[in-house]
Structures are given as structure tokens and as C-alpha cells.
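>
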Amino acid sequence: MDLGAINPAVLAASLMVAATPILLAAIGELVVEKSGVLNLGVEGMMITGAIVGFAIAVETGNPALGFLAAMAGGAALSLVFGILTQVLMSNQVATGLALTLFGLGFSALIGQGYVGVKPPALAKPDLGPLADIPVLGRVLFSHDLIVYLGLALVVAVWAFLRFTRPGLILRAVGENHDAAHALGYKVVRIRLAAIAFGGACAGLGGAYLSLMRVPQWTEGMTAGAGWIALAIVVFASWRAGRVLLGAYLFGGVAVLQLNLQAAGLAVPVELLSASPYLVTILVLVIISADRGRAALNAPASLGRVFHASS
Amino acid sequence: MIRLEKRPQPSRAWTVATPLLAVALTMVAGGLMFALLGKDPVVAIRTIFWDPLFHEQFASYSRPQLLVKAGPLILIATGLSLGFRAGIWNIGAEGQYIMGALAGAGVALALYPLDAWFLFPLMVLAGALGGWAWAMIPAILKTRFRTNEILVSLLLVYVAEQVLASMALGLMKNPEGGGFPGSRNLQHYPAAANTELIAGTGMHWGVAAAFIAVIAAYVLLTRHILGFQIRLAGQSPRAARFAGVNPNALVVICLGLSGALAGLAGMFEVAGPAGRVNIGFNQGYGFTAIIVAFLGRLHPVGILLAGLLMALTYIGGELAQFMLGIPSAAIQAFQGMLLFFLLGVDVLSNYRIRLGRRRIA
Chain G
2 MDLGAINPAV LAASLMVAAT PILLAAIGEL VVEKSGVLNL GVEGMMITGA IVGFAIAVET
62 GNPALGFLAA MAGGAALSLV FGILTQVLMS NQVATGLALT LFGLGFSALI GQGYVGVKPP
122 ALAKPDLGPL ADIPVLGRVL FSHDLIVYLG LALVVAVWAF LRFTRPGLIL RAVGENHDAA
182 HALGYKVVRI RLAAIAFGGA CAGLGGAYLS LMRVPQWTEG MTAGAGWIAL AIVVFASWRA
242 GRVLLGAYLF GGVAVLQLNL QAAGLAVPVE LLSASPYLVT ILVLVIISAD RGRAALNAPA
302 SLGRVFHASS
Chain H
-7 MIRLEKRPQP SRAWTVATPL LAVALTMVAG GLMFALLGKD PVVAIRTIFW DPLFHEQFAS
53 YSRPQLLVKA GPLILIATGL SLGFRAGIWN IGAEGQYIMG ALAGAGVALA LYPLDAWFLF
113 PLMVLAGALG GWAWAMIPAI LKTRFRTNEI LVSLLLVYVA EQVLASMALG LMKNPEGGGF
173 PGSRNLQHYP AAANTELIAG TGMHWGVAAA FIAVIAAYVL LTRHILGFQI RLAGQSPRAA
233 RFAGVNPNAL VVICLGLSGA LAGLAGMFEV AGPAGRVNIG FNQGYGFTAI IVAFLGRLHP
293 VGILLAGLLM ALTYIGGELA QFMLGIPSAA IQAFQGMLLF FLLGVDVLSN YRIRLGRRRI
353 A
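Going line by line, the protein sequences match chains G and H. Numbering follows our numbering, with no gaps: position 210 of the first sequence is 211. Numbering follows our numbering, with no gaps: position 322 of the second sequence is 314.
In C-alpha cells:
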């Protein structure tokens, strides 16, 4: 066992990378849930984004195009969910599960020709002197654009929900869709837009996994990341800032357990591999045990079917 | 102008017709998908849905497989449907299936080479208990801390897969297996093997258990107070509370029952068709069973038929892979599509489509 080989600065830097896919998916899902829709298909949209982004990046040789395609793919798949739940008024839990099941099969189907292929890498921005700062430079200023995009997105979503009028309308739709409808807001359209945004974010997160973090395509490679993203939204009590905290907590556990596995800690490998899931469950329990607090923040119309009678 | 008008009560005719419509739509969309893959859609659909049953060369092999595959699906889906009806979402049946299999196989491997009549019943008991115990984790967290059972049950699937890996490589590894992962083959251990009851039909104890579960669920839902409470809690949680239904008890019962049935399915599988505990021995039955439950309209008889149909797509899918080179993932996508269409056309049973201008009352 060699715990001394674990460098805290490298650990912190890889934590940010490990947290990014989940951060992206969770921040998208936060907006969706704020509009009163529970989309359980995050896992399916992530894996679809992962393979669509991977395939396009490999075919065109341009990772940026891959990321765009992944966003489009995730959004397209999420709109299937949107139309089913918003227009055809199907059960959101069941439809979200369908999205995940379909996404896993669909991605495996497309991904057949891409196993073992190496994707083109996205160039890292050169932050010049910033990256040369000892420790901090390695931790904060040595990442690719998507990591920073994820952070920017958290700030943008926070500001959007808190300070802008469309953000207020989105929250109104999520809190009480009948009242919002009576005020003349287009509930279904707003929700469809939120769902598409969530799908695009999940797709981007998936593509980050397949193009940057791993970088490789393997069947079922998201391995529950989408579900953890859903758990993080609950953990965050539907607040953008705490989504970041949750994602970094998860990223920390994921990176630490990999490092501990490599260091040969005298703990079964399987226990370490299961630890991200166990920690997520534990965190969920702690949050939900805090009576009232978590429930107070949940959008009041979350998961309820909206049907305009007039 | 098309608009939807809510029906006071779901249409009975459409409730029966929508699954059939969904299957038909999936065949069309699936045909399109196969055409895009460069295969003849008509041949592909026929290979999946017709040849396993009636092809003169393959049918004799694939017909018994129908029951082998349908057994676990029906067993798991029947349990899940009870919870789904009450609005309790156990989507971690895959994990409970694994834990049931591990518990059942664990008993057999621990007592090896005991040759006693009570070994198999003991394994059945252990299998049910294993699945039940794994489902009790989300149940207790839900009732004690109001933790979301959807997320916990699902996350526990990944934990169960790690437990399975640990068992296959460690505790349950075959000591005579030459270092390869995986346990002893239970099919070669007569006292523990889940053998075919009637030769050539694929009928094993798991299939029998599935049929019993279907009948029991039917009786429970239509004749027993608990079934009434489950249905009431699903349709109107508030009314259920006023009627004296204890929501926590319902969570424990529904999750426990579905977990026990999923555990049983896993145990019958590991002692029968699969034979041994090994990494990846779970084939996603726990997830496909969710589709089966919805396709069967959460009704025991419907689930029986839906389980057979879904088993057919598995076998047909294997056949299509072998005959036409259609990748097995296509079948998974096909099954997902089926659930989409099913949920989509469900609008017809709950809403009436009105054409023409909206009149102002």
C-alpha cells in the first residue's frame, strides 16, 4: 500500500474532471425539475449523448462538432419524453424509465463499430501564466473548455432562476401549473423547452465522458452516472450552487476510490467500486431525513400531469 | 383543431386495445429501424415474431426457450406491478434478482455436496429472502427517512453487481475451476439443480412459480383487502389515508413482495438455465420486467401474456442475430421503443379525441 503516491493537487484536478459529466447532467435536470417535470431518463440521454458525440467526433475528426451533436442528440431524445409526457400526458416516471431503457439499447446499437476506437481530443485552452501558479494552477487552470463551461452553466442557471423574468415564469410553472396557465403562460411549451435544455446538458455530459474523461466508447459506460445526477438534484434541494457541491462530492469519491484501488488499499476492490453509489445513497438519506427542509424546496407540481381543461 | 377531453373513467375497450396497437406500431417502427440497418424489414419482423414458434428447423429448439425466458420476466413483473399500482416504484429488481440468486446459490454451495431432499426448498427460501432483504433497504429508508425509493433501489443495482463480482471471484469461486471466475455449476449438482419438470417444454420450477404468482396476484388484487388498498393508494393517496390505509406498511409490503419475487426469479435462474454464479450472469431481466409490467397493463393476466411476448422478442432477437446478423442491441432498442409507444397510445384510454372547434360553454 502506498498512500503517499496520491498527490492532493492532482487529486483535486481530476476531481473536477470526474465531476463534470454529472455536474452537466444534474444542472440540466435541475432546470427540468424546476419546471415541474421529473425526467428519470437522464441515464438514457447521457449514454445517447456519449455515443452520438463520440461517433460524430470520430467521423468528422472534430471534437467540438461531436459535443454539439451530443447536445442535439440528447435534446432530441428528451423531446420524445417531452411529447409523450406533455402532449400525450403519459406517466413521467414510466416514460423516463422508457427513455433510459431505449437509450441504453440505442447507444449500444450505434456504438457497435466504435468499440476500441480512439477519439480526437479537444485542445485545452492555454491560460498562460495562470496555469503556472503552483498547486492552484494545476488544480484550477489546467482543464479543457467543457469543465469551465460546466461551471459557467451553474452560475448562469443560478442567475437565470433567481434574477430573470423567464426564470421566474419557469419556477411558477413548476410550482403551480394551473395558476401559471390561468395567467396565460404556455405551460406545455415552457416545459418542452426546459426538457430540451435538460436533454442537451445530459447529452453534453455523456459526450464529455466518452470523449474526454475515459476517452473511449464502451457499452453502458455511463454506469449509473445519470441516476447519480438525479440524486444530486435531490441532494441540492433544487439549488444550483449545491448541485456543484454535490457533483464535486461525488467526483471526489469517484477519484479517491480509483486512487485507493491503484494504491492497493487493503479493502476489497468491489467495495471501493461500489462506494460512489453507497455514498450517494447515504447522502440522499441524510438530506431526506432532515424533515421538511428538502421537501419544502421541491417544486410543488413536480411529476404531476398538466391538462388544460379550457 | 384536435383537442383531448378527459374521460370520466378509462375506456375498457382501449385499455385492452392499446397494448396491441403499441405492438403493431413498434413492429412498423422496428421495421424502419431494421431497414436503416440494411436488413429486409419484413424478413426481420418475421424472424423475430414468427420463426421462433413456427419455423420447421428452429421451432423445436426455441419453443421451450419461450417458457425459460418468460418465467423470470413474469415472476418479476408480477411483483413490480403491485408496487407500480400503488405508486411505489421499485426499479431495482435487477439488484434483487442478483441478491436472490446469490443467496440461493450460496446455500447450495455452502452445503455442497449434501444430497438431501430439503436442499432445493431451502434454496428457494434463501432466494426469496435474499431478494426481500435487498428490497428492504429502499423500503426502510423510505419509511424511516422518506428517501426516494426510485433512486435508492436503482443505485443498489450497481452495488449488487459489485457484490456479484466479489462473490464470483472470491467466496463462491469454484475450487475445482482452475482459477477461472464463477462458481460450481449447479446443474451438475442434482440435489440443487432446477431441472425441467416436463422434458422438452422448458417448464422448470421458476416457470411454475411464475404461474402461481400470477394467480396469487390476481386473487390478491380482486378478492383481498390488501389488493383493494394497493389500488386505492395508487388512484388516490389522500382517499387511501382517510380509508385507514397505512402508507408505510404498503411500501414495506409492496417492495418486500416484489423483491422476494425478483429474488426467486434469480435463484431459479442460477440453479437452472444459467447454472452458475458468474459476473454478468444477470441479463437485464429486472429491467425488461418493467416493460412487461406496463405492457401487461399492471394486470396479472396481461403480464402473463406480455411476458410471453417479450420472451419471444428475446428468442427472436437471438435468431435474428444468428440468421440476419442483426445486433442484439437492436432488440434492446426495440423493447424500449415498445414501451414508448405503449405509454404514448395510452392517451387513448384516458382521453377522448375531439375534432373541430372548441365551443364556448
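Even for Gly, the Cβ is constructed at its ideal location relative to N, Cα and C.
Across which residues does DSSP place Arg(-5)(H) in a beta bridge pair?
Working through the second sequence from its first residue, we reach residue -5(H) at position 3. The partner list for Arg(-5)(H) (beta bridge, DSSP) reads Arg346(H).
> Using a Cβ cut-off of 8 Å, which residues of the segment 274 to 285 of chain G contact any Cβ in chain H, in chain order?
Among the residues of the segment 274 to 285 of chain G, those with a Cβ less than 8 Å away from any Cβ of chain H are Ser274, Ala275, Tyr278, Leu279, Thr281, Ile282, Leu285, in the order of the chain.
> My guess is that Gly75(G) and Leu205(G) are in contact by the Cβ rule of under 8 Å, so how many angstroms apart are they, rounded?
Translated into the one-based positions of the first sequence, residue 75(G) becomes position 74. Translated into the one-based positions of the first sequence, residue 205(G) becomes position 204. Yes, they are in contact, since the Cβ atoms of Gly75(G) and Leu205(G) sit about 7 Å apart, within 8 Å.
> Which residues share a DSSP beta bridge with His196(H)?
Against the second sequence, residue 196(H) aligns to sequence position 204. Looking at the DSSP assignment, His196(H) forms a beta bridge with Glu188(H).
> Please confirm if Gly225(G) has its CB atom under 8 Å from at least one CB of chain H.
Position 224 of the first sequence, counted from the start, is the residue given in the question as residue 225(G). Yes, contact with chain H.
> For the alpha helix (DSSP H) containing Pro0(H), list its first residue and its last residue.
The residue you call residue 0(H) lines up with position 8 of the second sequence. Pro0(H) -> no alpha helix (DSSP H), and no H or E assigned at all.
> Chain G partners of Leu133(H), CB-CB under 7 Å?
Numbered from its first residue, the second sequence carries residue 133(H) at position 141. Simply Val286.
> On the criterion of 16 or more Cβ atoms from any shown chain inside 10 Å, does Met2(G) qualify as buried, or is it exposed?
Working through the first sequence from its first residue, we reach residue 2(G) at position 1. With a pLDDT of only 46 at Met2(G), under 50, the local geometry of the prediction cannot be trusted, and the value read off the model is given with reservation. Under this definition Met2(G) is an exposed residue.
> With distances taken from CA atoms, which of Asn8(G), Ala10(G), Thr21(G) is nearest Leu250(G)?
Counted from its first residue, the first sequence places residue 250(G) at position 249. Here the closest residue by C-alpha is Thr21(G).
> Can you pull the chain H neighbours of Trp239(G), defined as C-beta to C-beta under 8 Å?
As a working note, residue 239(G) is residue 238 in the first sequence. Neighbours of Trp239(G) on chain H: none; closest Cβ ~13 Å, over 8 Å.
> Just checking my contact of Val269(H) with Ala152(H) at CB under 8 Å: how many whole Å lie between their CB atoms?
One-based indexing of the second sequence puts residue 269(H) at position 277. One-based indexing of the second sequence puts residue 152(H) at position 160. With a Cβ gap of about 12 Å, Val269(H) and Ala152(H) do not count as contacting.
> Please compile the residues from chain G whose C-beta is within a distance smaller than 9 Å of the C-beta of Tyr150(H).
For this step, residue 150(H) is matched to residue 158 along the second sequence. Those are Ala224, Gly225, Trp228, Ser274, Ala275, Pro277, Tyr278, listed as they occur along chain G.
> Can you tell me which of Ser52(H), Glu261(H), Gln221(H) puts its alpha carbon nearest to the alpha carbon of Leu65(H)?
Indexing the second sequence from 1 puts residue 65(H) at position 73. With distances taken between Cα atoms, Leu65(H) lies closest to Glu261(H).
> Could you tell me if Ile142(H) is buried or exposed, where buried requires 16 or more neighbouring beta carbons within 10 angstroms of its beta carbon?
The count along the second sequence starts at 1 and reaches residue 142(H) at position 150. Ile142(H) should be labelled buried.
> Report the three-state DSSP secondary structure of Leu334(H) (helix, strand or coil).
As a working note, residue 334(H) is residue 342 in the second sequence. Three-state result, Leu334(H): helix.
> Express the C-alpha separation of Ser108(G) and Gly288(H) in angstroms, rounding to a whole number.
Along the second sequence, read from residue 1 onward, the residue named residue 288(H) stands at position 296. Along the first sequence, read from residue 1 onward, the residue named residue 108(G) stands at position 107. Straight-line Cα distance between these residues: approximately 26 Å.
> What distance in whole Å lies between the Cβ atoms of Ala309(G) and His144(G), which are believed to be in contact at a cut-off of 8 Å?
For the purposes of this step, residue 144(G) is taken as residue 143 along the first sequence, with counting starting at 1. For the purposes of this step, residue 309(G) is taken as residue 308 along the first sequence, with counting starting at 1. About 45 Å separates the two Cβ atoms, so there is no contact after all.
> Can the beta-carbon of Pro319(H) be found less than 8 Å from the beta-carbon of Leu110(G)?
Indexing the second sequence from 1 puts residue 319(H) at position 327. Indexing the first sequence from 1 puts residue 110(G) at position 109. Yes, Cβ-Cβ distance for Pro319(H) and Leu110(G) is below 8 Å.
> How do the segment 41 to 56 of chain H and the segment 332 to 340 of chain H stand: do at least 3 beta-carbon pairs fall below 8 Å, yes or no?
no
> With 8 Å set as the bound, which would you pick, yes or no: does the beta-carbon of Met2(G) sit closer than that to a beta-carbon of chain H?
Looking up residue 2(G) in the first sequence gives position 1. Because the pLDDT of Met2(G) is 46, which lies under 50, any placement of that residue in the model is unreliable, and the number read from its coordinates should be weighed accordingly. No, Met2(G) does not count as interfacial toward chain H.
> What does a CB cutoff of less than 7 Å around Asn177(G) pick up in its chain, not counting 5 residues either side in sequence?
As a position in the first sequence, residue 177(G) is number 176, starting the count at 1. For Asn177(G), where only same-chain residues beyond five positions count, the Cβ hits under 7 Å are Ala301, Ser302.
> Indicate whether Leu78(G) and Leu100(G) have their beta-carbon atoms separated by less than 8 Å.
As a first step, residue 78(G) must be located in the first sequence, where it is residue number 77. As a first step, residue 100(G) must be located in the first sequence, where it is residue number 99. A contact, by the Cβ cut-off of 8 Å.
> Output the distance between the C-alpha atoms of Met25(H) and Ala65(G), rounded to the nearest integer angstrom.
Position 33 of the second sequence, counted from the first residue, corresponds to residue 25(H). Position 64 of the first sequence, counted from the first residue, corresponds to residue 65(G). One C-alpha to the other measures close to 28 Å.
> Tell me whether the segment 210 to 218 of chain H and the segment 21 to 36 of chain H touch, counting them as touching only if at least three CB pairs, one residue from each stretch, are closer than 8 Å.
no
> With a cut-off of 8 Å on the beta carbons, I'd call Ser145(H) and Asn240(H) a contact; round off their distance for me.
What you label residue 145(H) is simply residue 153 of the second sequence in a count that begins at 1. What you label residue 240(H) is simply residue 248 of the second sequence in a count that begins at 1. Going by Cβ atoms, the distance from Ser145(H) to Asn240(H) rounds to 16 Å, so no, they are not a contact pair.
> My output table needs one value for Asp145(G): the three-state DSSP class, helix, strand or coil.
Locating residue 145(G) in the first sequence gives position 144, where the first residue counts as 1. Three-state DSSP puts Asp145(G) in coil, outside helix and strand.
> Quick one, which residues of the segment 157 to 170 of chain H are near chain G if we go by CB-CB under 7 Å, in chain order?
For the segment 157 to 170 of chain H, residues whose beta-carbon sits nearer than 7 Å to a beta-carbon of chain G comprise Ala157, Ser158.
> Starting from Ser276(G), follow the alpha helix (DSSP H) in both directions and report where the run begins and ends.
Sequence index remark: in the first sequence, residue 276(G) carries index 275 (1-based). Counting along the chain, the alpha helix (DSSP H) containing Ser276(G) begins and ends at 270 to 290.
> Assign Tyr181(H) to one of three DSSP states: helix, strand, or coil.
Here the question's residue 181(H) lines up with position 189 in the second sequence. Note: Tyr181(H) maps to coil in three-state DSSP.
> Could you tell me the distance, in whole angstroms, from the CA atom of Ala62(H) to the CA atom of Ala303(H)?
The residue you call residue 62(H) lines up with position 70 of the second sequence. The residue you call residue 303(H) lines up with position 311 of the second sequence. Cα-Cα distance, rounded: 5 Å.
> If distances are taken between C-alpha atoms only, which option among Met329(H), Ala322(H), Arg346(H) comes closest to Leu28(H)?
To locate residue 28(H), count along the second sequence from 1; it is residue 36. Comparing Cα positions, the closest option is Ala322(H).
> Check Pro216(G) in the structure and name its three-state DSSP category.
In the first sequence, the residue the question calls residue 216(G) occupies position 215. Note: Pro216(G) maps to coil in three-state DSSP.
> Going along the chain, which residues of its own chain have a beta-carbon closer than 7 Å to the beta-carbon of Trp124(H), five neighbours each way excluded?
For the purposes of this step, residue 124(H) is taken as the residue at position 132 of the second sequence. For Trp124(H), same chain residues with a beta-carbon under 7 Å away, outside a window of 5 residues either side, are Gly248, Gly251, Ala252, Gly255 in chain order.
> Tell me whether Met2(G) sits in a helix, a strand or coil according to DSSP, three-state version.
By one-based count along the first sequence, residue 2(G) stands at place 1. Note that Met2(G) scores 46 on pLDDT, short of 50, meaning its location in the model is unreliable; the coordinates nonetheless yield the value given after this. In the structure shown, Met2(G) adopts coil according to DSSP, grouped into three states.
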